[in-house]
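As structure tokens, the structure follows; a few thoughts come after it.
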Amino acid sequence: MDTNQFQATFDTIRREIERALVGQTDLIEHALIALLARGHVLLEGAPGLGKTLLVRVLGQVLACDCRRIQFTPDLMPSDVIGGNVFNQQRGAFDFLKGPVFTQLLLADEINRAPAKTQSALLEAMQERQVTVDGVTRPLPEPFLVMATQNPIESQGTYPLPEAQLDRFMFKLSVQSPSHDVETAILRNHLAGFDAQALDRLNLARVITPAGLLDMQNHARRLRVDEGIVSYIADIVCRTRAHRSLYYGASPRASIALLHGAQARAASRGRDFVIPDDVKALAPAVIRHRVGLQPDAEIEGMSTDDCVAEILRDVRVPETIAA
Amino acid sequence: MTRSLFTGVLTVLLLSSAVVFAQVDGGAPAQPVVEPAQALREIFASRHFEFCHEPKYPLTPAEKAWCDLGAGDNTQACPALRQVCKNDAQASQLELREPISFRLPELGLPLRLLLWILLGLGVAMLVFALVRHFLDHKSKDDVVRTHSPDSAEDERAAALARQVETDVQRLLERARAEAAAGDFRAAIGSAYAALLRRLEGAGLVHVEPDQTNGDYVRKVKQDRPAIARQMSDVVDAVETAQFGDGAVTREGFDGVFARVTGLLAERMGVLLVLAGLLMLGAACGQPRDSWDHSPSGRAGVIAYLGKRGFKVHERLLSVTKINDKINDSPAADGTAEQLILLPGAHLGDEEWKAVKKWILTGDRALVIAGGRRELPDWIGMRIVEKQAAHSEAVALGDAETKRWGALRVRVPEANLLENKPDSRSLLARKQAPYAAERWLVRQLNNDNDNDDDSNRVLVLADDFLFRNASLLVADNAVVLDKLLRDGGTSIELAGDLTGLVSSNPVESVRRGRLGPAMLQLAAFLLVFFVCKGARFGRPTHSQRIQRREYAEHVRALGLHYARARGERLALGFVGTYASERLRERCGLRVDRSLSGLAEAVATRTGRPVGQVMRMLLEARDASKGVPAEKGARDLETVGELCKLLEETGGTGGHKPIPGNL
């Protein structure tokens, strides 16, 4: 696969998804970039903005297996990863795969489950494998977790632990549609669109899972200039010394930024990364990996503000400015 | 805008002054004497004399008269003139001697004074602005240093800033030089830098260290979508060179450079069109670009005299200063000096007085070549305008025929002279002299200077003999040589350029006939104002004012408290403030107990009484300096108190809530 093929495929996938999911261009692009960079996505947004639809459409267009888990306070880890069940006929334990054994996993309202259940995903997300009773089983490739959380409700929720958050490559905010987009959605529905019957849309299967793996491998091979590497390191290191942050991003953030930038560069038809790729993805990569100082929180600052401040302070490589 | 306007006006004034003081050397270096015919052939062989090489060269009606006199017959020296005379091409300029009719009005003393005052004020304001800028720069440096105490880092940043080139032309030149040296990657960077600097100058982008190329493209797209596409192409190529792994080739650089220069040219396109229109407007009626090399010009005459052994120098200083010692004067070598007054030289009483003093105090000669002027009485001759037809031949006097031989002189319709009996006619038409000389008795400077005690004044009815076309007619060239030879070989020509150095700028503009040029300049300034607005005339990279905002100050103060573990102190302050506001808002007297206040606030906000009471107690303890207990969360209490204030009417000052609870 060359860069032009990569870009063409990427554009085709995006166009197909946009046929079903209107007005969420950035969300779609970031989700695809995360997928191609072998990352996972945490979506934050109000209900009804199309998060579930995105995963279903992705599964259809990418010809991938797709599952959904509704996280609830009584959800157990075995409900996610599966468990050993005694087979009376054979007189032995059979492993019953949980819903995590899929290619696209939608973890809906992940913060409604307690930390124990959330942590069941840790190994799956990082190692792409599941260990039950000492037996490790690999997950199918490609593997993408898209978790959602509702920012409005706080009663009865369990905030995700830092270790869990760090596993997500991007944290994206799903924006409410504008008036025009809202109108377009309504027109689509008037024309017969039904989110429960995606078959009627005749969405094309643009690529196979094997093709997707090819794309992932291609993105990893893109050239990254030394200046870009230094730029990424500068950004991430500054999060650890920022006055409004009491903890900064981990090296995992640097790696995520690097691979994300590679995937974005490939999606734009380039075989090298530019500072724009890094700058565009930095907020999505860093915002959930840092913690605000209490006084900064009182002042109404957000982690996005801190990231923006850091990006303003870091010198872009090859700039002509003094 | 006012400052920009001032800068523009000042620019005009300074430019006009600069023009006034400009020096032009019109002198020809001394050369070996060449025979007249050979000299003419050599001179008119130059392509500058288009009328000798270009058959379609247009002549003015006045110049056509030279054709009637046989100028086209000298095919050896000027092969194309015969054909030029035959064709119908006609220059639209009827009288080249006075090509620009626009003249600034004469100013009286008050206005002149006003002008000087304005100029002085302008210079003073410029100096003031520079000094203030310098001082501002210094003070801002001090402010910036307080933000970043790392002096080594400062030094590095300052050194880097000094290295940054911001001039577009120099950046383009650097790009070319780097390309020539084979460093195409750096060359592409320099070309792109030139583009960015131009866009910055146009106010479309602001070059900052944190801005990516994509940021610049997006900003340009917002304001000038028409050029964003081209810029995007340039950026793609630049980024490929900067971050890609392929080798950068000459073709790659050429492509980027062409696109960059194309964009730069497009940016200036409107200005150039306007400039062209203005130029066209000003040049209306002047189809030829070089008057000096036209048949009516004098470049050939000056060159001819040079080849004939004369040292010709064009006088720029005013004639009033002719008695001052001028280092570059041809008289400095000790030979006789001759001043030729051409029609373009404007002489008033002061000038004539200076000329008289000059000629009477040395071994000098004065030649007056026509012109519409009244001659002073001491010249002893008067020029009478246009009384002779060009059909009338000009004949040499008997003595001149004897000395010079039988020479023919032919000039177009000419003025005539009226002379006194003590003058002698050298060339004459039937009715009256055409050229006459008179000898003035010199004022002796010392006893040894008594060999030749009189100086020559030669007056010609017009300046036709001093025109290029005249050299090609009959024996005019030889006669001119003979006429001037008696006055010495060092000649100063006083003509159009003489006296450009004048007493005030407006006079300079008037004498230099720069009125239209000044108006064009003013129009250009106006165009720049329109296109660039207030940025015009200001430094491209003015130091941005960096001042800490109040919010930032408060934030910094808060951080200092936090670092010094001063949460307890902060809680004391906030608690006192919050208690007073809450009492005020709940309408409670100061002597009411803390529990009463807690109950009132709890009722108002719906919070548990115990929670409110706990907060108020912690605040009171903190304000009284009671040490915090282990595990106290003072900062959180501050936040809670702030929320409490918000719920009861905001964190601001005196806002009593109506009603007594």
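Order-wise, the sequence lines are chains A and B. Heads up: the first sequence is residues 875 to 1196, going by my numbering. Heads up: the second sequence is residues 58 to 718, going by my numbering. Note that CB positions come from ideal geometry on N, CA and C, so glycine has one too.
If contacts are defined as beta-carbon pairs under 8 Å, then A232 (chain B) and A251 (chain B) qualify, I think. What distance do you get, rounded to the angstrom? Going by Cβ atoms, the distance from A232 (chain B) to A251 (chain B) rounds to 7 Å, so yes, they are a contact pair.
Rounded to a whole number of angstroms, what is the C-alpha to C-alpha distance between G129 (chain B) and I548 (chain B)? Our two residues, G129 (chain B) and I548 (chain B), have alpha carbons roughly 29 Å apart in a direct line.
In chain A, which residues lie less than 9 Å from N380 (chain B) when you measure between Cβ atoms? Those do not exist, as N380 (chain B) stays about 57 Å from chain A at its closest Cβ, beyond 9 Å.
Please list the partners that D1099 (chain A) has in chain B, where partner means a Cβ-to-Cβ separation under 7 Å. The answer, in chain order, is F300.
Please state the DSSP three-state secondary structure of V264 (chain B). In the structure shown, the three-state DSSP call for V264 (chain B) is coil.
So, under 8 Å CB-CB, A1093 (chain A) and Q1136 (chain A) are touching, yes? Tell me the CB distance rounded to an integer number of Å. Right, their Cβ atoms sit about 5 Å apart.
Pick from B:R372, B:L178, B:R690 and B:R567 that is closest to R622 (chain B), judged by C-alpha positions: Per the Cα distances, B:R690.
C-beta neighbour in chain B for P1033 (chain A), strict 9 Å: Cβ-Cβ to chain B under 9 Å: no for P1033 (chain A).
Name the chain A residues that come within less than 9 Å of N144 (chain B), Cβ to Cβ? Here the premise fails: no neighbours, minimum Cβ distance about 58 Å.
Just checking: is the beta-carbon of T1215 (chain A) within a distance shorter than 9 Å of some beta-carbon in chain B? No statement about residue 1215 (chain A) is possible, as the shown extent of chain A runs from 875 to 1196 and does not include it.
Does any C-beta atom of chain A lie closer than 9 Å to the C-beta of E296 (chain B)? Cβ-Cβ to chain A under 9 Å: yes for E296 (chain B).
Tell me whether M182 (chain B) sits in a helix, a strand or coil according to DSSP, three-state version. Of the three classes helix, strand and coil, the one that applies to M182 (chain B) here is helix, per DSSP.
Within 8 Å of chain A by C-beta, residues of the region 261-295 of chain B in sequence order: If you check each beta-carbon in the region 261-295 of chain B against every beta-carbon of chain A, the ones closer than 8 Å belong to V264, E265, P266, D267, Q268, T269, N270, G271 and D272.
Under 9 Å between C-beta atoms of L1034 (chain A) and H914 (chain A): In this structure, L1034 (chain A) lies away from H914 (chain A), with their beta-carbon atoms at least 9 Å apart.
Rounded to the nearest angstrom, what separates G924 (chain A) and L910 (chain A) at their Cα positions? Just so you know, the alpha carbons of G924 (chain A) and L910 (chain A) end up roughly 21 Å apart.
Less than 9 Å between CB atoms is the rule here; does L320 (chain B) satisfy it with respect to chain A? Interface residue (Cβ-Cβ distance to chain A less than 9 Å): L320 (chain B) is not classified as such.
In chain A, which residues lie less than 7 Å from A248 (chain B) when you measure between Cβ atoms? Against chain A, a Cβ distance below 7 Å from A248 (chain B) picks out nothing, because the smallest value is about 11 Å.
P1168 (chain A) versus chain B: which residues are under 8 Å apart at the beta carbon? Ordered by position in chain B, the residues that pass the 8 Å Cβ test against P1168 (chain A) are L692, E693 and G696.
Proximal residues, the region 987-1019 of chain A versus chain D, C-beta separation under 7 Å: Absence of chain D from the displayed structure is noted, the protein chains being A and B.
Smallest Cα separation from V1103 (chain A): which of A:D1007, A:Y1032, A:F969 and A:P1125? Of the listed residues, the one whose Cα sits closest to V1103 (chain A) is A:P1125.
Identify every run of the beta strand (DSSP E) within the region 414-501 of chain B, keeping only runs that are complete inside it and at least 3 residues long; order them along the chain. If one requires a minimum length of 3 residues, the beta strand (DSSP E) runs lying completely within the region 414-501 of chain B are 421-426, 438-445, 471-476, 481-485 and 490-498, in chain order.
Taking 9 Å as the cut-off, decide whether the C-beta atoms of R513 (chain B) and W496 (chain B) are in contact. Yes. Within cutoff.
How about L1185 (chain A): is its C-beta nearer than 9 Å to some C-beta of chain B? True, the Cβ-Cβ gap to chain B drops below 9 Å.
Verify the CB distance criterion: does L253 (chain B) have a CB-CB separation below 9 Å to chain A? Taking Cβ atoms only, chain A reaches closer than 9 Å to L253 (chain B), which makes this a yes.
Are the C-beta atoms of L701 (chain B) and some chain A residue less than 9 Å apart? Output row for L701 (chain B): interface = no.
T297 (chain B) in three-state terms, based on DSSP: In this structure, T297 (chain B) counts as helix in the three-state DSSP scheme.
Beta-carbon within less than 7 Å of L261 (chain B)'s beta-carbon, same chain only, minus the 5 sequence neighbours each way: which residues are those? Here the set comprises K276, V277, D280 and R281.
CB of A137 (chain B) within 9 Å of CB of H105 (chain B), strictly: No, these two residues do not count as a Cβ contact at 9 Å.
Give the secondary structure of C135 (chain B) by DSSP, where H, G and I count as helix, E and B as strand, and everything else as coil. Annotated three-state conformation of C135 (chain B) is coil, per DSSP.
Residues of the region 417-439 of chain B with a CB closer than 7 Å to any CB of chain A: list them in chain order, please. Of all residues in the region 417-439 of chain B, none has a Cβ within less than 7 Å of some Cβ in chain A.
Measure the C-alpha to C-alpha separation of L310 (chain B) and E1183 (chain A) and round it to an integer number of angstroms. First, the residue type needs correcting, since residue 310 (chain B) is Phe and not Leu in the sequence shown. Note on geometry: alpha-carbon atoms of F310 (chain B) and E1183 (chain A) lie some 36 Å from one another.
Are three or more beta carbon pairs between the region 954-963 of chain A and the region 1083-1093 of chain A nearer than 8 Å? Touching, no.
contact_flag[the region 965-979 of chain A, the region 941-952 of chain A] where n(CB pairs < 8 Å) is 3 or more: Note that the region 965-979 of chain A touches the region 941-952 of chain A; at least 3 beta-carbon pairs, one per stretch, sit closer than 8 Å.
In chain order, what residues of the same chain lie with their CB nearer than 7 Å to the CB of E656 (chain B), ignoring the 5 residues before and after it? V666, listed in sequence order.
Nearest-angstrom Cβ-Cβ length linking R1142 (chain A) and Q898 (chain A), presumed shorter than 8 Å: Going by Cβ atoms, the distance from R1142 (chain A) to Q898 (chain A) rounds to 19 Å, so no, they are not a contact pair.
Given a cut-off of 9 Å on the beta-carbon distance, is the pair V566 (chain B) and M575 (chain B) in contact? Yes.
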